[in-house]
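One structure below.
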Amino acid sequence: MNGEIVPYLLEQLEFLGRLILAGVCGGLIGYERKNRMKVAGPRTHFIVSLASSLMMIISKYGFFDLLTYDADIKLDPSRLAAQIVSGVGFLGAGMIFIHHQSVNGLTTAAGVWATAGVGMAIGAGMYIMGICATILIILIQILLHKKFRIFRNATAEHIYIHMRDSSEAITDLKQWFHDNKIEILNFKTENIDEDEIDVEINARLPKDYNREDLMNLHRDVSEIESIEI
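Per the working numbering: the sequence shown = residues 4 to 232.
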């Protein structure tokens, strides 16, 4: 009896180690996301990775006892793994939101999806692949957040302005964009009352332009009361 218990306990300890390692790898990815003030942090990534590892272990080893009843039973570990990919896809979709026609959360959703892959790899016993994938994901997130000149390009911004209406307000606003070499792609105004308007602008910023400089609009165009970027 002891000869059977010891191998069983060692196997369970190995499975436990896989869960812990998967959770730690996921938590590291989440920690980087948390430092970027993203919605999914260490706890979310830890749970996703650990749960994926658990489901992968179940997929691979959870049905071996059936083989003792019927030698003709065929096991397909990939079936449960495929459902992990689909399920986490729905979880990631919940992290993507649209605000004023601007899409946010795509990178975080992709990170959670990749974290599930890390958990699956470790759950399957592919430790080196899981750890290397974790390191690569974190490095890519860090490097692509750096403002390397090679990655810089012209970007588009949605700008929402609330301003007092006057005969020169719109002219002054457009002139400011022209002087700062910012191309207006779309310009929309809406009257709020007799002397106030809302302006929605879709503009292309020049390469290397600091988007925070758009806040100078408030100082340079006196009619502006508020700006949202």
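Every residue, glycine too, gets a C-beta built ideally from N, C-alpha and C.
Practice task
Can you tell me which of the three DSSP states M166 falls into?
Solution key: For the purposes of this step, residue 166 is taken as residue 163 along the sequence shown, with counting starting at 1. In this structure, M166 counts as strand in the three-state DSSP scheme.
Handout entry: Selected residue, minimal CA-CA separation from L19, among G128, H221, M218
Key = In the sequence shown, the residue the question calls residue 19 occupies position 16. The residue with the shortest Cα to Cα distance from L19 is G128.
Practice task
Classify K191 as helix, strand or coil using the three-state DSSP reduction.
Solution key: Here residue 191 is taken as the residue at index 188 of the sequence shown, counted from 1. If DSSP states are grouped into helix, strand and coil, K191 belongs with the strands.
Practice task
Check whether the Cβ atoms of I162 and L208 lie closer than 8 Å to each other.
Solution key: Taking the first residue of the sequence shown as 1, we reach residue 162 at position 159. Taking the first residue of the sequence shown as 1, we reach residue 208 at position 205. The answer is no: Cβ separation not under 8 Å.
Exercise for the section: Determine the direct distance from the alpha carbon of G114 to that of V88, and round the result to whole angstroms. Expected result: Numbered from its first residue, the sequence shown carries residue 88 at position 85. Numbered from its first residue, the sequence shown carries residue 114 at position 111. Cα-Cα distance, rounded: 13 Å.
Handout entry: Beta carbon of I187 nearer than 8 Å to that of I164
Key = Residue 187 sits at position 184 when you count from the first residue of the sequence shown. Residue 164 sits at position 161 when you count from the first residue of the sequence shown. Taking 8 Å as the Cβ cut-off, I187 and I164 do not qualify as a contacting pair.
Exercise for the section: Please report how far the alpha carbon of E160 lies from the alpha carbon of E35, in whole angstroms. Expected result: Here residue 160 refers to the residue found at position 157 when the sequence shown is read from its first residue. Here residue 35 refers to the residue found at position 32 when the sequence shown is read from its first residue. E160 and E35: Cα-Cα distance of roughly 26 Å.
Practice task
Give the DSSP-derived three-state secondary structure of E215 in the structure shown.
Solution key: By 1-based counting over the sequence shown, the position of residue 215 is 212. Residue state, collapsed to three classes: helix.
Exercise for the section: Measure the Cβ-Cβ separation of S62 and L22 and say whether it is below 8 Å. Expected result: Here residue 62 corresponds to residue number 59 of the sequence shown, with the count starting at 1. Here residue 22 corresponds to residue number 19 of the sequence shown, with the count starting at 1. Contact: no.
Problem - Whole-Å CB distance - D175 paired with E228, under 8 Å assumed - result: Here residue 175 is taken as the residue at index 172 of the sequence shown, counted from 1. Here residue 228 is taken as the residue at index 225 of the sequence shown, counted from 1. Incorrect: roughly 14 Å between the Cβ atoms, too far for contact.
Problem - Assumed close pair E199, R167 - CB separation to whole angstroms, cut-off 8 Å - result: Here residue 199 refers to the residue found at position 196 when the sequence shown is read from its first residue. Here residue 167 refers to the residue found at position 164 when the sequence shown is read from its first residue. Right, their Cβ atoms sit about 6 Å apart.
Problem - Own chain partners of I134 with C-beta closer than 7 Å, once the 5 adjacent residues on each side are dropped - result: One-based indexing of the sequence shown puts residue 134 at position 131. Taken in chain order, the residues that qualify are C28.
Exercise for the section: Report all residues from its chain with a CB closer than 6 Å to the CB of V91; omit the five preceding and five following residues, and keep chain order. Expected result: Position 88 of the sequence shown holds residue 91. Answer for V91: W116, A119, listed in chain order.
Problem - Cβ-based burial, G30 [other Cβ within 10 Å; buried from 16] - result: As a position in the sequence shown, residue 30 is number 27, starting the count at 1. Answer is buried; the Cβ neighbour count reaches 16.
Exercise for the section: Please state whether DSSP places V9 in a helix, a strand or coil. Expected result: As a working mapping, residue 9 is identified with position 6 in the sequence shown. In the structure shown, V9 sits in a helix (DSSP, three-state: H, G or I).
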